[in-house]
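Asks: To start, I am sharing the structure in question, which I have written as structure tokens.
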DNA sequence: TATACGAAAATCGTATACGAAGTCTCGGGG
DNA sequence: CCCCGAGACTTCGTATACGATTTTCGTATA
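Protein chains in written order, with this note's numbering: chain Y, 1 to 234; chain H, 1001 to 1234.
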């Protein structure tokens, strides 16, 4: 018999312990959107599905809670977190902060090969613009930015960036995932960002540009919904 | 009989579950420095000391791991994290990033009463300068900055600030905790920071000042040890 | 003496079992 | 018809037990 656990293990190829297996499986399900926000996670059910006991599942859920991907209420249960609009604002603001820094800190280590790769990805994003393919566009967008921030030498900041992206990705399918008005602008800003990095612009300048690039999406979202942030912006 | 668990519970007054109890106790021990970096945490021993079983302790340790306060190696055990100098650099850099943002975002909500309180704390820091009392100075320093960033409306950023401070506090007693050359400067910069906030300076300006205030301590540390960061700074 | 090997101890990882707390349902009363 | 309470049901929280893995230490051998 082939359990869901085994296929998850095969897919990720990195689960070493059973708690790690449960974590990987749940993380994948949530980030991929198969477990939508608000979905309930019953420990015993997950345990049975993965053919493990509840203890490792419990541990996995607590880890996901620490990442902000699920909320865990005492004696009630775990639910996939995320649909609160204000939470979206917080996440975007935090991501704009840490991603801006990560991109700036990465910049000196970004070589011509990385630049070329990013340009290629950006070109494909342009195509998605014509084809009206938001899903692919979103995926490419993450790939583009990954190239720019993955060389960040500070692992803490890099980890925060990953967490922010994962939180956002978990919201795909919800209202916030894609702001059409921003898509075209975004592709242009990507080009400007690459130019800055290519010419070795000062760290502060790259940081500001990268931060603005993201917070502009937040602004567009706010403009579209007609909401006011209700708190200061960076 | 009075167990260590009960006294910890009484001290914090917030432990609801046993895993929460174990977490609180370990967190307090680590942050207070009673469990120095490198100390080994054996689950069964901690469990016995707190008069609970190993399962809640295990969960507490994983939570602490997520915060970066302990490292947990498979089939080996948990140790209190922290003495690596490069790790100190990463932590300080991250803290300078998030604390700068938190302070800037707090600024509009900081009222005259807060300002007055901060001034009072800063005055006491001046006294510590004369009395050569680094421990008290460090404590007051945290209190001072708490007043400035605790109004941060974004809970994610605020949480990151708390984590950073806790990590640093856990290192007290190690080489990094106190940079004498910075103490005097620091008190002056506090005054400048208060002036900025008092007059309602732009968010970006407050952020930069708060960030610089912290990263300057990092620079002083590097200057003293003669080390080079080996990676870009913000 | 240094090193390789093996057994024993220590410690973690997980399964199972039971108790505690919360939630839902259904029946009775207003 | 609506409100409310007792019971059962669901789900988490923790304890205990056992297996798996690593480390340690003694011993024999080159």
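Even for Gly, the Cβ is constructed at its ideal location relative to N, Cα and C.
1. Between residue 1157 of chain H and chain Y, is the shortest Cβ-Cβ distance under 8 angstroms, so that the two count as touching?
2. How would you call residue 121 of chain Y, buried or exposed, if buried means at least 16 neighbouring beta carbons within 10 angstroms?
3. If you measure between the beta carbons of residue 104 of chain Y and residue 37 of chain Y, is that distance less than 8 angstroms?
4. Considering only C-alpha positions, which residue in the set H/1129, H/1025 and H/1043 is nearest to residue 1187 of chain H?
5. Is it the case that the Cβ atoms of residue 149 of chain Y and residue 102 of chain Y are separated by a distance below 8 angstroms?
6. Return no unless some Cβ of chain H is closer than 8 angstroms to the Cβ of residue 193 of chain Y.
7. By the criterion of Cβ-Cβ separation under 7 angstroms, what are the contact partners of residue 66 of chain Y in chain H?
8. Using beta carbons (cut-off 8 angstroms, strictly below), is residue 53 of chain Y in contact with chain H?
9. Mark residue 1224 of chain H as exposed unless 16 or more other C-beta atoms lie within 10 angstroms of its C-beta, in which case mark it buried.
10. Just checking my contact of residue 30 of chain Y with residue 115 of chain Y at CB under 8 angstroms: how many whole Å lie between their CB atoms?
11. Is the shortest distance between the beta-carbon of residue 1231 of chain H and the beta-carbons of chain Y less than 8 angstroms?
12. Consult DSSP for residue 60 of chain Y and reduce its assignment to one of helix, strand or coil.
13. Along the region 1093-1107 of chain H, what residues have a CB closer than 8 angstroms to any CB found in chain Y?
14. State the start and end residues of the unbroken beta strand (DSSP E) segment that holds residue 1086 of chain H.
15. How big is the Cα-Cα spacing for residue 50 of chain Y and residue 25 of chain Y?
16. Whose C-beta lies closer than 6 angstroms to the C-beta of residue 1078 of chain H among residues of the same chain, with five residues either side of it excluded?
17. Using a cut-off of 9 angstroms between C-beta atoms, extract the partners of residue 1090 of chain H located in chain Y.
18. Does the ligand FAD have a heavy atom nearer than 7 angstroms to the CB of residue 1098 of chain H?
19. At 8 angstroms on the CB atoms, spell out the chain H contacts of residue 74 of chain Y, in chain order.
20. In its own chain, which residues sit with a C-beta less than 7 angstroms from the C-beta of residue 1183 of chain H, not counting the 5 before and 5 after it?
21. In the DSSP assignment, the beta strand (DSSP E) including residue 70 of chain Y goes from what residue to what residue?
22. Let me know the secondary structure DSSP gives residue 76 of chain Y once reduced to three states.
23. Could you please give me the residues that DSSP links to residue 1163 of chain H through a beta bridge?
24. What do you reckon, are the CB atoms on residue 1043 of chain H and residue 1058 of chain H nearer than 8 angstroms?
25. Is DSSP giving residue 124 of chain Y helix, strand or coil here?
26. For residue 207 of chain Y, would you say it is in contact with chain H, using Cβ-to-Cβ distances shorter than 8 angstroms as the test?
27. Please tell me whether residue 234 of chain Y has its Cβ less than 8 angstroms away from any Cβ of chain H.
28. Residue 41 of chain Y bridges to which residues according to DSSP?
29. Give the secondary structure of residue 1212 of chain H by DSSP, where H, G and I count as helix, E and B as strand, and everything else as coil.
30. Please state whether the Cβ-Cβ distance between residue 118 of chain Y and residue 21 of chain Y is less than 8 angstroms.
31. Can you give the Cα-Cα distance for residue 217 of chain Y and residue 1133 of chain H, rounded to whole angstroms?
32. With a 10 Å radius around its C-beta and 16 neighbouring C-beta atoms as the bar for buried, classify residue 1199 of chain H as buried or exposed.
33. Note down, in chain order, each residue of its chain lying with its Cβ closer than 6 angstroms to the Cβ of residue 1100 of chain H, except the 5 sequence neighbours on either side.
34. Could you say which of Y/232, Y/179, Y/55 and Y/191 lies nearest to residue 1204 of chain H if we only look at CA atoms?
35. Would you tell me roughly how many angstroms separate the C-alpha atoms of residue 239 of chain Y and residue 23 of chain Y, rounded to the nearest one?
36. Looking at residue 1158 of chain H and residue 1281 of chain H, is the spacing between their C-beta atoms short of 8 angstroms?
Replies: Walking through what the data contain:
1. The residue you call residue 1157 of chain H lines up with position 157 of the second chain. True, the Cβ-Cβ gap to chain Y drops below 8 angstroms.
2. The residue given as residue 121 of chain Y occupies position 121 in the first chain. In the assembly as shown, residue 121 of chain Y is a buried residue. Its beta-carbon has 16 or more other beta-carbons within 10 Å.
3. To locate residue 104 of chain Y, count along the first chain from 1; it is residue 104. To locate residue 37 of chain Y, count along the first chain from 1; it is residue 37. The answer is no: Cβ separation not under 8 angstroms.
4. By 1-based counting over the second chain, the position of residue 1187 of chain H is 187. Of H/1129, H/1025 and H/1043, the residue nearest in Cα terms is H/1129.
5. Walking along the first chain from the start, residue 149 of chain Y turns up at place 149. Walking along the first chain from the start, residue 102 of chain Y turns up at place 102. Yes, the pair counts as a contact, with Cβ atoms nearer than the cut-off.
6. The sequence position of residue 193 of chain Y within the first chain is 193, counting from 1. Closer than 8 angstroms: no.
7. The residue given as residue 66 of chain Y occupies position 66 in the first chain. What residue 66 of chain Y touches in chain H: 1063 and 1066.
8. Within the first chain, residue 53 of chain Y is the residue found at index 53, counting from 1. It does not: the Cβ of residue 53 of chain Y has no partner Cβ on chain H nearer than 8 angstroms.
9. As a first step, residue 1224 of chain H is located in the second chain; it is residue number 224 there, counting from the start. It is exposed - the Cβ of residue 1224 of chain H has fewer than 16 other Cβ atoms within 10 Å.
10. What you label residue 30 of chain Y is simply residue 30 of the first chain in a count that begins at 1. What you label residue 115 of chain Y is simply residue 115 of the first chain in a count that begins at 1. Contact flag wrong, Cβ pair sits at about 33 angstroms.
11. Here the question's residue 1231 of chain H lines up with position 231 in the second chain. Yes, residue 1231 of chain H counts as interfacial toward chain Y.
12. Taking the first residue of the first chain as position 1, residue 60 of chain Y is located at position 60. Of the three classes helix, strand and coil, the one that applies to residue 60 of chain Y here is helix, per DSSP.
13. Per Cβ criterion, the list reads 1093, 1094, 1097, 1098, 1101, 1104, 1105 and 1107.
14. Reading the second chain from its first residue, position 86 is the one you call residue 1086 of chain H. If you look at residue 1086 of chain H, you'll find it isn't in any beta strand (DSSP E); it sits in the alpha helix (DSSP H) that goes 1085-1106.
15. Your numbering for residue 50 of chain Y matches position 50 in the first chain. Your numbering for residue 25 of chain Y matches position 25 in the first chain. It is roughly 9 angstroms from the alpha-carbon of residue 50 of chain Y to the alpha-carbon of residue 25 of chain Y.
16. Taking the first residue of the second chain as position 1, residue 1078 of chain H is located at position 78. Taken in chain order, the residues that qualify are 1041, 1061, 1070 and 1072.
17. Stepping through the second chain from its first residue, residue 1090 of chain H is reached at position 90. Residues of chain Y with a Cβ closer than 9 angstroms to the Cβ of residue 1090 of chain H are, in chain order, 153, 154, 155, 156 and 157.
18. With respect to the ligand FAD, the structure shown offers nothing to examine, as it has no ligands at all.
19. In the first chain, the residue the question calls residue 74 of chain Y occupies position 74. Here the neighbours are 1016 and 1017.
20. As a working mapping, residue 1183 of chain H is identified with position 183 in the second chain. Within its own chain, the residues whose Cβ lies closer than 7 angstroms to the Cβ of residue 1183 of chain H, once the five positions on either side in sequence are excluded, are 1129 and 1137, listed in chain order.
21. Along the first chain, one-based indexing puts residue 70 of chain Y at 70. Annotation for residue 70 of chain Y: the continuous beta strand (DSSP E) segment containing it runs 70-73.
22. Position 76 of the first chain holds residue 76 of chain Y. Looking at residue 76 of chain Y - three-state DSSP - the assignment turns out to be coil, as it is neither helix nor strand.
23. If you number the second chain from 1, residue 1163 of chain H lands on position 163. Beta-bridge pairing links residue 1163 of chain H to no other residue.
24. The residue given as residue 1043 of chain H occupies position 43 in the second chain. The residue given as residue 1058 of chain H occupies position 58 in the second chain. Yes, the Cβ-Cβ distance between residue 1043 of chain H and residue 1058 of chain H is below 8 angstroms.
25. Within the first chain, numbered from 1, the residue matching residue 124 of chain Y stands at position 124. Secondary structure of residue 124 of chain Y (DSSP, three-state): helix.
26. Indexing the first chain from 1 puts residue 207 of chain Y at position 207. With 8 angstroms as the cut-off, residue 207 of chain Y counts as an interface residue toward chain H.
27. For the purposes of this step, residue 234 of chain Y is taken as the residue at position 234 of the first chain. Output row for residue 234 of chain Y: interface = yes.
28. As a position in the first chain, residue 41 of chain Y is number 41, starting the count at 1. Looking at the DSSP output, residue 41 of chain Y bridges to Y/78.
29. On the second chain, position 212 is the one that residue 1212 of chain H refers to. Helix, per DSSP.
30. Position 118 of the first chain holds residue 118 of chain Y. Position 21 of the first chain holds residue 21 of chain Y. Not closer than 8 angstroms, so no.
31. For the purposes of this step, residue 217 of chain Y is taken as residue 217 along the first chain, with counting starting at 1. For the purposes of this step, residue 1133 of chain H is taken as residue 133 along the second chain, with counting starting at 1. Spanning the two alpha carbons is a distance of roughly 48 angstroms.
32. Taking the first residue of the second chain as position 1, residue 1199 of chain H is located at position 199. With a threshold of 16 other beta carbon atoms within 10 Å, residue 1199 of chain H falls short and is exposed.
33. In the second chain, the residue the question calls residue 1100 of chain H occupies position 100. Closer than 6 angstroms at Cβ, skipping near neighbours: 1207, 1210 and 1211.
34. For the purposes of this step, residue 1204 of chain H is taken as the residue at position 204 of the second chain. Distance from the Cα of residue 1204 of chain H is smallest, within the candidate group Y/232, Y/179, Y/55 and Y/191, for Y/232.
35. Any answer about residue 239 of chain Y is impossible in this case: the structure gives chain Y only from 1 up to 234.
36. Within the shown structure, residues of chain H are numbered from 1001 to 1234, placing residue 1281 of chain H beyond reach of any answer.
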